[in-house]
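**Q** Heads up, the sequence shown is in the working numbering, so the first residue is 242 and it goes up one at a time.
We put the CB at the ideal spot given by N, CA and C, even for glycine.
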Amino acid sequence: MDLDTYTARLRADLIAAAALGDEKTQATAAALAAAVESSTRLVLLSALSDMAAEVSAALGDRTVHVSMDGTNVAVDVRNNSATDSEHPTFEEMTGDISRVTLRLVEQLKSRAEEAAAQSGQSLNSWMSGVVSGALRDQMRGYGGYGGGPKRHTSSSRDAGGSGGESRGSDSDRDAGDGRDSDRSTGSSD
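1) Look up D245 in the DSSP assignment and say whether it is helix, strand or coil.
2) What does the alpha-carbon distance come out to for the pair T248 and E278?
3) Can you give me the start and stop residues for the alpha helix (DSSP H) that N321 sits inside?
4) What did DSSP end up calling D317 once you bin it into helix, strand or coil?
5) Among A353, A259 and D317, whose alpha-carbon lies nearest the alpha-carbon of A271?
6) Given a threshold of 16 other Cβ atoms within 10 Å of its Cβ, counted over all protein chains shown, does V307 qualify as buried or as exposed?
7) If the criterion is Cβ atoms closer than 7 Å, does the pair L244 and L283 meet it?
8) Would the beta-carbon of W367 fall within 7 Å of that of A357?
9) Report buried or exposed for A353, applying the criterion of at least 16 other Cβ atoms within 10 angstroms of its Cβ.
10) Using only alpha-carbon positions, find the residue among L349, V372 and E347 that is nearest to V341.
11) Give the DSSP-derived three-state secondary structure of S369 in the structure shown.
12) CA-CA distance, T281 and E264?
13) Quick one: residues in its chain with C-beta nearer than 6 Å to the C-beta of S396, no 5 flanking neighbours on either side, listed in chain order?
14) Considering only residues of the same chain and omitting the five flanking positions on each side of L237, which have a CB-CB separation below 7 Å?
15) Using 10 angstroms around the beta-carbon of M380, count the other beta-carbons present and answer buried if the total reaches 16, otherwise exposed.
16) So, with DSSP's three-state summary, where would you put R303?
17) Determine the DSSP secondary structure at L285, reduced to helix, strand or coil.
18) Could you round the C-beta distance between A275 and R252 to whole angstroms and report it? I think they count as a contact, below 8 Å.
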């Protein structure tokens, strides 16, 4: 479903309503119509996500997912397989923590640090959550590595980050173990 169909209809309706006015009123309406398109897309996506959550709650054995790629919205109904409950989730996994050195270009590292700070987590806790989410999506069969454009997704089942870590004062602290890392995430050899 292309949201441009709906935003174009809203734009046309606003311009048609202003057609009774003078040229200045018509120009103002056209500018206003263009300005509200992005907001309208977000409102429509929010409404579709809320609808998906309500339908998922009513279905019980299936979930409805809404994803957006550019201006296109896709709705996907998935069965809740029995294997989901047989295997522990990434949040339930325990064990030894392994240290990994990740080298990122400085701009990417800065953006990751900003995202971690916005979610109230250390960089390593945030990265752990991102990796867990990517692996979870890949195991469910609707993710994967590389490929197509970045998509915003919303689901009634998949919510939240990596599960309640508190923000550390050092963004390079290992997730959950309290040890400082070697701060090699942004360096180059």
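**A** In short, the structure shows the following:
1) helix
2) 6 Å
3) Here N321 belongs to no alpha helix (DSSP H), and DSSP marks it neither H nor E.
4) strand
5) A259
6) That one is buried.
7) no
8) yes
9) It counts as buried.
10) V372
11) helix
12) Answer to the nearest angstrom: the Cα atoms are 25 Å apart.
13) Annotation note: pLDDT 45 at S396 (below 50); position unreliable, coordinate value reported separately. Excluding residues within five positions, the ones whose Cβ falls inside 6 Å are H306.
14) Residue 237 is absent from the structure shown; the chain starts at 242 and stops at 430.
15) Here M380 is exposed: its Cβ has fewer than 16 other Cβ atoms, across all protein chains shown, within 10 Å.
16) strand
17) helix
18) 7 Å
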